[in-house]
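Worksheet for the structure shown next.
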Amino acid sequence: MRLRTKLIAYFVVIALLVPIVGAAAVSRIRTINGSVQELSDRAVPRLRAAERLGEIQRTQEVAALSFQATGRDEDRQRYLQLSEQFDAELARLKGLDQTDRGKELLQNIAAERARFTNAGTQLITARQTVDRNLANLRTKDDEMVQQLNKIRARFVSSGSGSDIGNIPVSLRNQVNDLLLGTEGMLHQVAVQFQIASSYVLAPNDDLKQQFDTASSLFASSFNIANTAGGPEDRAILVGVQSSFRQFETSARAMMSAADITKRAREVFPEASAKIGGLLTSYIDWQSQQVTSARDASASTLSGANQLLIAMTVLAFAMAAGLGLVFARAITHPIAHLRDIADRVSTGDLENVEISVDSQDEIGDLAASFRRMVASIKFLMMSGADEESAHEEDGLDVRAAS
Numbered sequence: 092m093r094l095r096t097k098l099i100a101y102f103v104v105i106a107l108l109v110p111i112v113g114a115a116a117v118s119r120i121r122t123i124n125g126s127v128q129e130l131s132d133r134a135v136p137r138l139r140a141a142e143r144l145g146e147i148q149r150t151q152e153v154a155a156l157s158f159q160a161t162g163r164d165e166d167r168q169r170y171l172q173l174s175e176q177f178d179a180e181l182a183r184l185k186g187l188d189q190t191d192r193g194k195e196l197l198q199n200i201a202a203e204r205a206r207f208t209n210a211g212t213q214l215i216t217a218r219q220t221v222d223r224n225l226a227n228l229r230t231k232d233d234e235m236v237q238q239l240n241k242i243r244a245r246f247v248s249s250g251s252g253s254d255i256g257n258i259p260v261s262l263r264n265q266v267n268d269l270l271l272g273t274e275g276m277l278h279q280v281a282v283q284f285q286i287a288s289s290y291v292l293a294p295n296d297d298l299k300q301q302f303d304t305a306s307s308l309f310a311s312s313f314n315i316a317n318t319a320g321g322p323e324d325r326a327i328l329v330g331v332q333s334s335f336r337q338f339e340t341s342a343r344a345m346m347s348a349a350d351i352t353k354r355a356r357e358v359f360p361e362a363s364a365k366i367g368g369l370l371t372s373y374i375d376w377q378s379q380q381v382t383s384a385r386d387a388s389a390s391t392l393s394g395a396n397q398l399l400i401a402m403t404v405l406a407f408a409m410a411a412g413l414g415l416v417f418a419r420a421i422t423h424p425i426a427h428l429r430d431i432a433d434r435v436s437t438g439d440l441e442n443v444e445i446s447v448d449s450q451d452e453i454g455d456l457a458a459s460f461r462r463m464v465a466s467i468k469f470l471m472m473s474g475a476d477e478e479s480a481h482e483e484d485g486l487d488v489r490a491a492s
């Protein structure tokens, strides 16, 4: 291999060390970039989505309880809007998180969310039922009072005691029964109204039993009045009985709504608390993922720095080693040829061996040295022969003389 070719090969090897070190650096940078990409594309968005779900959950719980307490429609609308937002955010989070642990936590959240939503809907519906039937209750109460007052107004005393004394005893007893039944019905309607209202605020079995008792007493009072009344009175009492049926239906609907509210209020905060706990667990887990990814990136960066330093040192060592080998390949034969030249210059041509046989410019130089030494030896041998011949001729001349 020619010397120029060796130089080119040496520089090519050195040049190849650069992309090798660069490739190692790029590989580590890609690993770090992957970790950062994982943080920016998945872990951080998942963490923010979970925090957003917790905020929506708390706000929606407040909206439902506020509507149940006040009946304001803006609270109901707010509850429905937040429900849609929560479902959309949860669906997005499920799309972001495909890990087994994440799926498990999100599935549990969805299950508790179903309980929460069902209880919240019951609270909303129960409050609407109470408001609707309470309005009907008041309307029917007013109708019965007006109708029964018509009966009472027909028998208001307007004469002297002697006039009353002229009324037959049987008729007076019949009027008394009619008025007694009328007053009884008015009283039992007022009692049922009060019981239904109290039951909505604090449901209990005693109030329900009292309501049923009042219903029976109303029926007894109605029968007394209906038996004692005349045709005109019975016509009014038919209307009273119809209004009372609607009144009682609304009252019982209010009481049923109160029972639903009581059960829902037990489930609603429990489900909300479980959702909050699951979201906290999810956030903690995601925070651990972020911390792990951050630590992994830091570790990878540290490893990349160490690798780059090590590879750079190795590259310098390889370059130095190759340089030493290449320099020795050039300087060693040249030094050998220098020593030969020194010996030749002093006339020492004995045992001169040039042990350089490389196939490059140094080898060509060694070959030239060999030819030069051979030529010098030949010239010295030729000079010695001529000198011997001259000496022999001189001896012959002296002998002849």
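To convert, note that position 163 of the sequence shown is 254 in the numbering used here; the numbers rise steadily by one, no gaps.
Every residue gets a Cβ at the ideal spot worked out from N, C-alpha and C, and that includes glycine.
Check	Outcome
How big is the Cα-Cα spacing for Met346 and Phe359?	19 Å
Once you ignore the five residues that flank Phe460 on each side, which residues in its own chain have a CB closer than 7 Å to its CB?	Leu428, Ile431, Ile445
Among Phe335, Arg167, Arg137, which has the Cα closest to the Cα of Gly193?	Arg137
Kindly give me the distance between the Cβ atoms of Thr352 and Ala226, rounded to whole angstroms, as I take these residues to be in contact under 8 Å.	That pair is no contact at about 18 Å.
Within its chain, find whatever has a CB closer than 7 Å to the CB of Leu271; leave out the 5 residues flanking it on each side and keep chain order.	Ile315
Measure the beta-carbon distance from Gln148 to Gly367 and round it to whole angstroms, keeping in mind my assumption that it falls under 8 Å.	6 Å
Does the pairing of the segment 187-201 with the segment 163-176 give three or more beta-carbon distances under 8 Å?	no
Just the C-alpha distance for Gly250 and Asp233, rounded to the nearest angstrom, thanks.	The pLDDT assigned to Gly250 is 48, lower than 50, so where the model puts this residue is not dependable; a value taken from the coordinates is nonetheless given after this. C-alpha separation (whole angstroms): 30 Å.
Please report the distance separating the alpha-carbon of Gln237 from that of Val221.	24 Å
Beta-carbon within less than 7 Å of Gln213's beta-carbon, same chain only, minus the 5 sequence neighbours each way: which residues are those?	Ile351, Ala355
Have a look at Gly312 and Asn199 and give me their C-alpha separation to the nearest angstrom.	The amino acid occupying residue 312 in the given sequence is Ser; Gly does not appear at that position. Computed Cα separation, rounded: 57 Å.
Given 8 Å as the limit, is there contact between the segment 323-335 and the segment 292-303, that is, 3 or more CB pairs closer than that?	no
Measuring straight from C-alpha to C-alpha, what distance separates Met471 and Val435?	12 Å
Check whether the Cβ atoms of Leu269 and Ala319 lie closer than 7 Å to each other.	yes
Take Gln332 and list the residues in its own chain whose beta-carbon comes closer than 8 Å to its own, dropping the five residues that flank it on each side.	Phe313
So, with DSSP's three-state summary, where would you put Gly250?	Because the pLDDT at Gly250 is just 48, under 50, the model does not fix this residue reliably, and the value given afterwards should be weighed accordingly. If DSSP states are grouped into helix, strand and coil, Gly250 belongs with coil.
Hey, out of Phe284, Gln151, Ala387, whose CA is closest to Thr230's CA?	Phe284
The alpha helix (DSSP H) with Asn240 in it runs from where to where?	191-245
Once you ignore the five residues that flank Ser253 on each side, which residues in its own chain have a CB closer than 8 Å to its CB?	Any reading at Ser253 must be qualified, since the residue scores a pLDDT of 47, below 50, and its modelled position is unreliable; no value is offered.
Taking Ala287 and Leu228 to be in contact with their CB atoms under 8 Å, please state how far apart those CB atoms are, rounded to whole angstroms.	7 Å
Quick check on the DSSP output: the alpha helix (DSSP H) that includes Arg143 runs from which residue to which?	135-161
Between Val266 and Phe246, is the Cβ-Cβ spacing less than 7 Å?	yes
Would DSSP call Ser341 helix, strand or coil?	helix
Just mark Phe407 as buried or exposed, buried being the case when its beta carbon has 16 or more other beta carbons within 10 Å.	exposed
Specify, as a first and last residue, the run of the alpha helix (DSSP H) that Gly275 falls within.	260-292
Can Val221 be considered in contact with the ligand SAM, in the sense that its beta carbon sits closer than 6 Å to one or more heavy atoms?	In terms of ligand content, the structure shown is empty, and the ligand SAM therefore cannot be addressed.
Of all the options Ala387, Asn317, Val291, Glu142, which has the alpha carbon lying nearest to the alpha carbon of Ile242?	Asn317
Could you check what DSSP says for Gly321 in three-state terms: helix, strand or coil?	coil
Given that a residue counts as buried once 16 or more other Cβ atoms are within 10 Å of its Cβ, and exposed if not, what is Glu203?	buried
Can you give me the C-alpha to C-alpha distance between Gly145 and Arg385, rounded to a whole angstrom?	25 Å
Can you tell me the Cα-Cα spacing of Ala349 and Ala201, whole angstroms?	27 Å
By a C-beta neighbour count over all protein chains shown, 10 Å radius and 16 as the cutoff for buried, is Gly412 buried or exposed?	exposed
So for Ile327, helix, strand or coil by DSSP?	helix
For Glu152, is the classification buried or exposed, using 16 other Cβ atoms within 10 angstroms of its Cβ as the cut-off for buried?	buried
Name the two residues that bound the continuous alpha helix (DSSP H) containing Ser174.	164-187
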